[in-house]
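Just so we're aligned: 84 in full-length UniProt numbering is position 84 of the sequence shown, and the numbers increase by one with no gaps anywhere.
Using N, Cα and C, we set each Cβ at its ideal position, and we do this for glycine too.
First the structure, in the form of structure tokens, and then the observations on it.
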Amino acid sequence: MDTILHDFSTTKLSQAQDANKAAFWTLLLRHLPEAQLHTDTGMLWFETRIRHDVFNRVIQCNLAPDTCSATIESIVDYFRQNSLPFLWHRGPSSSPANLGSLLEASGMTHYETEPAMAVDLLKLNEDLQVASQLTIRRVKTSAMLEQWIRAWEVGSPEEVIRLWMALYTACLDQESPLCLYLGLLNGEPVATSAAFFGVGVASIESVGTLSHYRRQGIGAAMAFMALHEACRSNYRIGVLTASPMGSAIYRRIGFKEFATSNIYLWHPHQGHNP
């Protein structure tokens with residue numbers, strides 16, 4: 001375990017959030033033989049030759065202003081030559097400050113902005129109402145992993161399901177820093193969450209509930225499962241990026257926004273909808 005972070009300053013939280021994302025993807029990619037991880041100076045990115053943007057990403061970017069444009073063009077050109085769509089994460093600690101405008105100038109499209117949020121794990125709002133009939137179990141078998149992925153990636157093609165199965169194999173090791181949690185109602189999988197215990201903070205990931213079961217406190221229960229595990233592992237800070245649907249719930253739990261995280265998309269064809 002890395003040194004536990006107790007510093008709630010924006011700078012430290014931003015660095016920890018982005019470092020955890022890098023560690024998370026580095027862990028997953030070990031289980032995908034097609035993946036090539038590139039650790040260039042100031043950069044961390046990967047490609048898999050799979051023609052789906054989710055499986056080709058720039059994860060970290062910390063470059064000097066005078067070299068950034070050339071690096072962006074080089075990476076975009078690489079994916080262009082290979083006709084591979086990809087995503088570029090501009091995390092809260094990314095540099096230079098005008099990275100977003102440089103990405104758009106290169107032909108990438110701004111796809112998503114999400115608040116980066118943090119919570120003091122000693123000050124969780126335990127009075128928040130959560131689903132009482134929900135059973136939550138840690139994913140420990142391949143069968144449970146498939147249930148988790150199908151709940152999280154509901155509606156995705158079988159090819160995508162298989163790829164996520166390969167990637168998330170890491171979590172089946174009980175010593176893994178990645179823990180997945182499956183929520184069940186009457187034995188049926190209805191919700192997911194995950195906790196990644198990485199670089200000084202615990203990242204809460206993949207909190208989701210099937211559409212027919214929302215507004216029952218299930219999402220909050222799944223988030224609390226991951227947060228409580230982080231407490232038991234002696235972490236002080238939990239971090240996440242929130243979807244518009246989830247941000248209100250996280251605020252009620254005790255999360256506070258400290259920055260924003262942005263995603264940019266490049267695709268060889270117009271009209272792509274990831």
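Exposure of residue i, with buried meaning 16 or more beta-carbon neighbours within 10 Å
| i | result |
| --- | --- |
| D40 | exposed |
| A23 | buried |
| P33 | exposed |
| A248 | exposed |
| N20 | buried |
| H269 | exposed |
| T192 | buried |
| H267 | buried |
| T260 | exposed |
| Q15 | buried |
| Q174 | exposed |
| D7 | exposed |
| Q81 | exposed |
| T209 | buried |
| G187 | exposed |
| Q216 | buried |
| L13 | buried |
| S94 | buried |
| G107 | exposed |
| Q60 | buried |
Local conformation of residue i per DSSP, three classes
| i | result |
| --- | --- |
| Q36 | strand |
| P169 | Note on identity: in this sequence residue 169 is Thr, with Pro being the wrong assignment. DSSP places T169 in helix when its eight states are reduced to three. |
| A194 | strand |
| Y235 | coil |
| R138 | strand |
| E205 | strand |
| E104 | helix |
| D120 | strand |
| A259 | strand |
| I59 | strand |
| Y264 | strand |
| G42 | coil |
| H228 | helix |
| G200 | coil |
| L87 | strand |
| H272 | Because the pLDDT at H272 is just 39, under 50, the model does not fix this residue reliably, and the point stays unresolved. |
| P189 | strand |
| L184 | strand |
| L145 | helix |
| residue 287 | Since the first residue of the chain shown is 1 and the last is 274, residue 287 is not available in this structure. |
| T10 | helix |
| T3 | coil |
Residue i versus residue j: straight-line alpha-carbon distance, rounded
| i | j | result |
| --- | --- | --- |
| A70 | F46 | 18 angstroms |
| E112 | S233 | 32 angstroms |
| F79 | L121 | 40 angstroms |
| N56 | T48 | 6 angstroms |
| N262 | T26 | 20 angstroms |
| M165 | G183 | 18 angstroms |
| I161 | G155 | 10 angstroms |
| W88 | V239 | 20 angstroms |
| V139 | I204 | 15 angstroms |
| S264 | Q17 | The residue you asked about is not Ser; residue 264 is Tyr in the sequence shown. So the two alpha carbons sit approximately 18 angstroms from each other. |
| A223 | V207 | 6 angstroms |
| P96 | I75 | 16 angstroms |
| residue 276 | S132 | As displayed, the chain neither begins before 1 nor continues past 274, which places residue 276 out of reach and without an answer. |
| L5 | A202 | 10 angstroms |
| M144 | T135 | 13 angstroms |
| Q147 | H212 | 17 angstroms |
| L172 | C179 | 8 angstroms |
| T141 | S243 | 28 angstroms |
| P157 | I50 | 13 angstroms |
Closest by C-alpha distance to residue i, when choosing among the options
| i | options | result |
| --- | --- | --- |
| L28 | D66, S176, S106, H228 | S176 |
| L119 | S261, W266, H267, E257 | Per the sequence shown, residue 119 should be read as Val rather than Leu. Residue E257 is the option with its Cα nearest to V119. |
| L185 | A151, I59, I75, V201 | A151 |
| R214 | M245, T241, L172 | M245 |
| A128 | I204, K21, L240, A220 | It should be pointed out that residue 128 corresponds to Leu in this sequence rather than to Ala. Among I204, K21, L240, A220, the Cα nearest to that of L128 belongs to A220. |
| F255 | P268, T241, L265, D7 | T241 |
| T169 | S9, H6, R30, K12 | R30 |
| H52 | A64, T67, S83 | S83 |
Residues that residue i bridges to, as DSSP identifies them
| i | result |
| --- | --- |
| N125 | In the DSSP output, where bridge partners are listed per residue, N125 has none listed. |
| H110 | Y264 |
| E47 | Q36 |
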